[in-house]
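Notes follow once the structure below has been shown.
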Amino acid sequence: MNHQNLALSLLNWYDENAREMPWRIGPQARAAGARPEPYRIWLSEVMLQQTTVAAVKTYFERFTHLWPTISDLAAAPDEQVMGEWAGLGYYARARNLLKCARIVAQDFGGEFPRDRKTLLSLPGIGPYTAASVAAIAFDLPETVVDGNVERVMSRLHDVHEPMPLSKPLLTDLARQTTPKNRPGDYAQAIMDLGATICTPKSPKCTICPWLDPCLAYKNATVTQLPKKVPKAVKPTRYGFAYVAQSTSGAWILERRPDKGLLGGMLGWPGSEWSVAPENTPPFEGEWAQQGNIKHTFTHFHLILTVVTTKTAIAPPSPYLTLSANEFQASDLPTVMRKVFDSAQIHFTDTRVA
DNA sequence: AATCCGGGGGC
DNA sequence: GCCCCAGGATT
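Heads up: the first sequence begins at 1 in full-length UniProt numbering, then just goes up one per residue.
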């Protein structure tokens, strides 16, 4: 089957099976002349980086409700955007999202550039997102290559070279299959195929529109692909987290540095995270060691010992003193919310006792 | 090219 | 527990 017929059979499948998403213009609506808003496509694609559709939906609705246009988002305070992003992970995305919004609002008159090269120059937009915005928002014949496409291509062509070594080959194979007609629908179609049919486990080959040309199916290697190089074991680090509540009920927090782990997010003061951290509270007080919380990041496990105190003094900068009304646990990244939940129990216990 | 960066759902 | 996910920035 040649590349043109491959694309056509996938588009025919997509016409009947396209999933509905809050940011998507489905194939029927698009055929009737509807066009997606580039702002919504960009926002959704950034949120969808390494994140599932189900997890993104509520965040997308919330963001577009608060900020209907990119100029609205560009005018938003950093702290509010970081707070709204809390829980979604990969917080550099939120910082770059704001940078990008402000560049588009100020330098591009609020209109997204259409060509892939210019899109690539914007913060937080890499090869995948540049191609997806160009293809989906502007229907330009660009090739999207994400984890779905890599898996589909590795199986369609029975590629046994492991990722990421095989990425250039899979990208080239994907490019050869991208049609000049309806490239935006095609991009969404191949990702839908990977998400619903050509899944990592238990792929639904019997109902796949590409069953006939699939070489991995022919060779019975579908579930072995894509192959990957073995990954390193995650080390475990330890640390202390210090939760202080003033006698007025306010909480003592800090804003984390813009770069690095949980960059730009709100958090509790803490020790170094290492094999043998020192218990060094941020200021004088009767600190009481409570229980531990566990959390796993991309590349290490973390065990934090929660240490709490009551304080009558507001500690100086850089610490932030947030009143009970100002403080919202939902503004915290998940590991810091675990610390808070653990400390809450102990504060409650000491009050009762 | 390798490393760093979250969190949730499936199994 | 491990794997995966509509990846990008940094070094």
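By construction, the Cβ of each residue, glycine as well, lies at the ideal position given by its N, Cα and C atoms.
Closer than 7 Å by C-beta to residue i: which residues in its own chain qualify, once you throw out the five before and the five after it? Chain order, please.
i, result
"T350", "Low confidence applies here, because T350 scores a pLDDT of 48, under 50, leaving its location unreliable and the question unanswered by this model."
"P257", "G263"
"D185", "L11, Y14, P27 and R30"
"Q176", "H3"
"V53", "M21"
Should residue i go down as buried or exposed, given a rule of 16 or more other Cβ atoms within 10 Å for buried?
i, result
"I303", "exposed"
"F63", "buried"
"P333", "buried"
"R182", "buried"
"S271", "buried"
"N148", "buried"
"T143", "buried"
"Q188", "buried"
"R35", "exposed"
"T305", "buried"
"A353", "Note that A353 has pLDDT 34, beneath the 50 cutoff, so the model's placement of it is unreliable and no number is given."
"T129", "buried"
"Q290", "buried"
"D107", "exposed"
"I293", "buried"
"A131", "buried"
"E61", "exposed"
According to DSSP, which residues form a beta bridge with residue i?
i, result
"N292", "T305"
"Q245", "W251 and K310"
"S274", "Y238"
"L266", "R255"
"T321", "I252"
"K228", "M163"
In terms of alpha-carbon separation, which member of the options lies closest to residue i?
i, options, result
"G267", "P226, Q245 and A241", "A241"
"T196", "T221, E20, A134 and P27", "E20"
"T58", "T280, L43, I70 and S71", "L43"
"P226", "T206, A324 and M153", "M153"
"V159", "V222, N181 and A137", "V222"
"E254", "A314, P213, K201 and L215", "A314"
"Q50", "K228, A105 and G126", "G126"
"A105", "H301, T280 and A75", "A75"
"W273", "W251, N2 and T236", "T236"
"M47", "A86, H346 and A18", "A86"
"A324", "P200, G249, G109 and P162", "G249"
"V229", "Y91, S330 and P164", "P164"
"N17", "G285, P209, T129 and P179", "P209"
"Y90", "R114, A216, V56 and N279", "V56"
"P141", "T178, A130 and G109", "T178"
"H65", "A54, W23, A92 and T52", "W23"
"A216", "S246, R151 and P318", "R151"
"L6", "A232, Q245 and P213", "P213"
"L261", "T311, T298 and K117", "T298"
"E79", "R337, F327, A131 and V339", "F327"
"G239", "G109, T52 and V275", "V275"
Rounded C-beta distance between residue i and residue j? I'm assuming under 8 Å.
i, j, result
"L73", "L193", "About 31 Å; that fails the 8 Å criterion."
"A134", "L119", "6 Å"
"L169", "W251", "About 52 Å separates the two Cβ atoms, so there is no contact after all."
"S246", "A174", "Going by Cβ atoms, the distance from S246 to A174 rounds to 57 Å, so no, they are not a contact pair."
"H295", "K231", "No, H295 and K231 are not in contact; Cβ-Cβ is about 19 Å, not under 8 Å."
In its own chain, which residues sit with a C-beta less than 8 Å from the C-beta of residue i, not counting the 5 before and 5 after it?
i, result
"V81", "L73, A94, L97 and L98"
"F112", "P38, Y39, W42, I70, V104, L119, V133 and A137"
"R102", "A74"
"K201", "T223"
Short of 6 Å in beta carbon distance, which residues of its chain neighbour residue i, apart from the five on each side in sequence? Order them along the chain.
i, result
"C100", "L122, P123 and G124"
"K204", "I197"
"W287", "P281, V307 and T309"
"D341", "none"
"F300", "K234, P235 and R237"
"L146", "This sequence places Asp at residue 146; Leu is not what is there. Only Y128 meet the Cβ criterion."
"H346", "Q290 and T308"
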